[in-house]
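Okay, structure first, notes after.
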Amino acid sequence: MARLELTGLTKRFSGDVTAIRDLSLTVDDELLVLLGPSGSGKSTTLRLIAGLETPDDGRVCIDDQVVNNLPPARRGVSLVFQELALYPHLTVKKNLSFGLELKGGMNGLSRLGLTWLKARLTGSSAAKTRWAEIDDEVTKVARMLSIEGLLARRPDELSGGERQRVALGRALVGRPRVLLLDEPLAHLDVRLRETARRELVDLRRRLGACMLYVTHDQAEALALGDRIGVLDAGRLRQLGTPQEVYDAPADRFVAGFLGSPPMNLLDGELSGGEGTALCFRGAGFCLPLAGAPVPVASQRRFTLGIRPEAIEVRGSQVGEGREQHEPLVGEGCSTRCAAALDARHWLGDTIVAYVLLGAARLAVKCGTRTPSGRSIQNATAPDPISCNIPHDEMHWFDAQSGRRVTRLERLEGCNEIATN
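Each residue of the sequence shown is one higher than the one before, starting from 25 at the first, in my numbering.
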């Protein structure tokens with residue numbers, strides 16, 4: 025089992041551009057997904073590990089060996105690119121075996137290049153033995169990826185999914201210690217991508233390999249990753265299991281990036297005092313928070329995050345006769361507030377609606393056959409809508425740093441805001 029360790033990795037390019045900033049993480053027997061927008065440093069990280077780029081600071085260790093100064097061929101790393109880069113004039117079998125032929129055998133112990141070719145042409149027993157080893161290795165990998173029937177074809181005779189499997193097979197034939205995948209499914213259609221994801225997860229389990237996968241597609245990251253690392257501007261924002269990253273985002277960036285639609289983020293101020301109920305006030309809205317867990321801090325300005333699927337809605341009869349920004353009474357372990365329907369998108373089994381809460385625009389996601397879904401389908405813009413927000417689904421972020429606030433306390437009635 026291979027172990028990949030990055031410590032303080034930093035990469036700068038000309039023009040004072042820092043692509044990677046002090047990146048540290050460890051990948052063991054798992055599939056770790058690096059997720060982030062374009063320009064966040066995902067592909068640069070893979071190139072640093074593979075040896076195609078040289079870090080300005082930090083170390084790349086594979087199995088406790090520092091490989092910073094090793095050439096790519098000696099690192100035991102395979103990289104599958106977004107552009108699959110198959111040799112168009114070679115058959116699938118030749119595409120799979122090409123790298124091993126250059127090394128002189130699957131263990132890479134013998135001659136390179138022309139020396140190896142000369143040995144094959146002279147028909148030496150050593151060459152025949154190595155060719156048999158290569159042929160056996162190619163057959164095993166082809167069988168593993170279910171492409172054994174395609175070995176005689178060329179890349180232009182294959183479908184997109186078949187070419188993707190060949191590119192993956194070419195990386196696996198050399199038995200790399202670390203397998204790097206740079207958005208290899210990006211050009212597949214939706215159905216093929218779903219199939220390929222399942223196959224990748226199954227393949228990793230069978231191989232027990234150390235795999236690092238790069239993508240900007242959050243659905244792909246959540247489906248594939250044993251763990252997810254979220255990158256932004258070269259910095260690692262959060263590292264954890266898919267559930268940890270989704271349920272407890274470390275900061276505003278992660279909260280606003282992960283999710284479809286992403287988390288609703290409301291800027292505002294906690295207020296409350298003698299004779300006044302505790303509430304969260306923002307641009308034209310006021311959310312009553314009696315009994316809700318709220319931040320324990322000296323400042324009053326925060327960002328409140330709410331997942332679209334956490335919001336329950338009811339039809340116009342609930343909010344009838346009220347202003348959009350006027351709060352309804354907080355009930356039990358949730359907060360009710362009046363809003364107005366702005367737009368909706370029907371997606372088959374789900375419906376995504378956008379409602380106006382004062383000047384804020386909230387996304388709401390629910391099943392079409394749920395009470396919330398039926399309420400939205402029966403309403404038309406700008407019908408009043410009642411939103412119910414469970415207190416346990418509220419996420420608090422510091423207004424200045426954007427970091428998640430973890431010190432929370434439930435305050436009842438009209439108490440003052442808690443301070444340190």
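Ideal Cβ positions, reconstructed from N, Cα and C, are used throughout, including at glycine. Keep in mind that this is a model prediction, so the values were computed, not measured.
Are there 16 or more other CB atoms within 10 angstroms of the CB of residue i, so buried, or fewer, so exposed?
i	result
Gly343	Residue placement at Gly343 cannot be trusted, given a pLDDT of 38 that sits under 50; what the coordinates show is reported in the next sentence. So Gly343 counts as buried.
Tyr237	buried
Ala191	buried
Pro112	exposed
Phe37	exposed
Ala243	exposed
Arg222	exposed
Arg434	exposed
His419	buried
Ser48	exposed
Ala362	buried
Ala176	exposed
Met130	Any reading at Met130 is ruled out, since the residue's pLDDT is 40, under 50, leaving its predicted position unreliable.
Arg393	exposed
Pro95	exposed
Ser396	buried
Leu136	Any reading at Leu136 is ruled out, since the residue's pLDDT is 43, under 50, leaving its predicted position unreliable.
Ala156	exposed
Val90	exposed
Gly296	buried
Ser62	exposed
Return yes when the Cβ of residue j is within less than 7 Å of the Cβ of residue i, no when it is not.
i	j	result
Lys312	Thr359	Going by the sequence as given, residue 312 is Pro instead of Lys. Their beta carbons are under 7 Å apart, which means Pro312 touches Thr359 by this criterion.
Gly60	Asp275	no
Leu70	Leu203	no
Leu108	Arg187	yes
Glu336	Asn288	no
Thr78	Ile44	no
Leu255	Gly65	yes
Ala279	Pro285	no
Leu196	Val162	no
Leu58	Gly253	yes
Arg199	Leu169	no
Pro179	Leu224	no
Cys234	Leu30	no
Residue i and residue j look like a contact to me (Cβ under 8 Å); what is the Cβ gap, rounded to whole Å?
i	j	result
Ile277	Arg251	It is worth fixing the name first, because residue 277 is Phe in this sequence and not Ile. Between Arg251 and Phe277 the Cβ distance is about 18 Å, and since that is not below 8 Å, they are no contact.
Gly193	Leu248	With 8 Å as the limit, Gly193 and Leu248 do not qualify as a contact, their Cβ atoms being about 18 Å apart.
Ala26	Ile86	6 Å
Thr327	Leu290	7 Å
Gln106	Ala210	5 Å
Gly32	Gly100	The Cβ separation is near 22 Å, so there is no contact.
Asn92	Val84	6 Å
Val376	Ala387	6 Å
Gly258	Thr42	6 Å
Provide the residue(s) that pair with residue i in DSSP beta bridges, ordered along the chain.
i	result
Glu293	Arg305, Arg325
Gln89	Ile86
Lys389	Val376
Val337	Cys411
Ile44	Lys35
Gln262	Val254
Ile158	Partner(s): none; Ile158 has no beta bridge.
Ala364	Leu380, Pro408
Gly283	Pro286
Arg194	Answer is none; Arg194 lacks a bridge partner.
Thr50	Glu29
Asp23	What is shown of the chain runs 25 to 444, which leaves residue 23 out entirely.
Glu433	Val318
Using alpha carbons as the reference points, say which of the options lies closest to residue i.
i	options	result
Ala307	Leu294, Pro319, Ala301, Leu30	Leu294
Glu207	Lys117, Thr239, Arg217	Thr239
Asp366	Ile158, Asp416, Arg385	Arg385
Gly382	Pro200, Asn402, Pro408	Pro408
Ala316	Phe309, Val388, Glu417	Glu417
Gln267	Asp256, Leu282, Val214, Leu224	Leu282
Ala97	Ser170, Leu124, Val379	Leu124
Asp271	Gly232, Arg228, Glu333, Thr404	Glu333
Leu55	Leu227, Asp46, Leu196	Leu227
Glu218	Gly63, Gly329, Gly185, Arg229	Gly185
Thr404	Ser410, Ala423, Val318, Arg368	Arg368
Leu103	Ser322, Val51, Ile330, Arg201	Arg201
Phe122	Arg215, Asp159, Asp46, Leu174	Asp159
Arg431	Gln424, Cys390, Pro414, Ala321	Ala321
Val116	Leu58, Ala156, Val57, Leu182	Leu182
Cys357	Gly372, His415, Cys303, Gln323	His415
Gly292	Gly264, Arg229, Gly329, Leu371	Gly329
Val214	Asp241, Arg229, Arg230	Asp241
Asn402	Arg338, Gly372, Leu371	Arg338
Ala423	Cys390, Arg325, Asp80	Arg325
Lys118	Leu216, Asp80, Glu172, Asp88	Glu172
Leu76	Leu216, Asp46, Gly264, Lys35	Lys35
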